[in-house]
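Please read the structure below before turning to the comments.
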């Protein structure tokens, strides 16, 4: 995919928003929503990668997983190792054991489910969870794991030029999951550490927008990413 200055600009805005929120929440109370911006950007970009692979017939699931792992795992592993070393000299045994659980859940990309059951960003004691922020990486990885499989299965039974409608249906279905999770409508989720169903509607929405972007004109559908 060609370098996109507009998408890179959105990433910068999202990073700044999250940093401001963590430095001082009063500066930008809604800054944590920058994480959601990353989700929708990811849905848009990953959909483009998969569709180009399907169009060319060169998409390989193992290669896709390997490329995603190379972008995430090394930095995450270094962070976890550094925290384990720091915790060894600064934490009590019980706290160090809890840190070990956090490291395992983060490296296993299930920390969003673990923290969702325990606490969110806004609960007492959240600052003691050194890897709390990795919940978003877990959501990303779960998306990377399941989304290409879903598209590959659909592509076996659905013509590529109709695949966009299935993506739209998945987007709406994921949004319904969130609404059913909080039927009273006051807020969609009780914590920031959302499980995959609570965040996938954001990713799915921009996956859908990728399928219906301006570059996908009527002529484009017949000869480009959709076959």
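Numbering (UniProt numbering), first residue to last: 1 to 227. The C-beta atom is built at its ideal place from N, Cα and C for all residues, glycine as well.
With respect to residue 46, residue 59 sits apart: the two C-beta atoms are not nearer than 8 Å. Per DSSP, residue 31 is not a residue of any alpha helix (DSSP H), being assigned neither H nor E. Nearest in C-alpha terms to residue 142, of all of 157, 108, 102, 70, is 108.
The distance from the Cβ of residue 130 to that of residue 92 is about 14 Å, inconsistent with a contact at the 8 Å cut-off. Pairing residue 117 with residue 56, the inter-Cα distance amounts to about 42 Å. In the pairwise beta carbon analysis, the segment 146 to 160 is classified as not touching the segment 21 to 29: fewer than three pairs are separated by under 8 Å. The shortest CA-to-CA distance from residue 16 to any of 43, 37, 163 is the one to 37. Looking at the backbone, the Cα of residue 52 and that of residue 173 are separated by about 25 Å. A distance of 8 Å or more separates the beta carbons of residue 147 and residue 68. Straight across, the Cα-Cα distance linking residue 134 with residue 158 is about 35 Å. By the neighbour-count criterion, in which a residue is buried when 16 or more other Cβ atoms sit within 10 angstroms of its Cβ, residue 167 is buried. Rounded to whole angstroms, the gap between the alpha carbons of residue 86 and residue 98 is 14 Å. Looking only at 75, 77, 33, 48, the smallest Cα-Cα distance to residue 64 is reached by 48.
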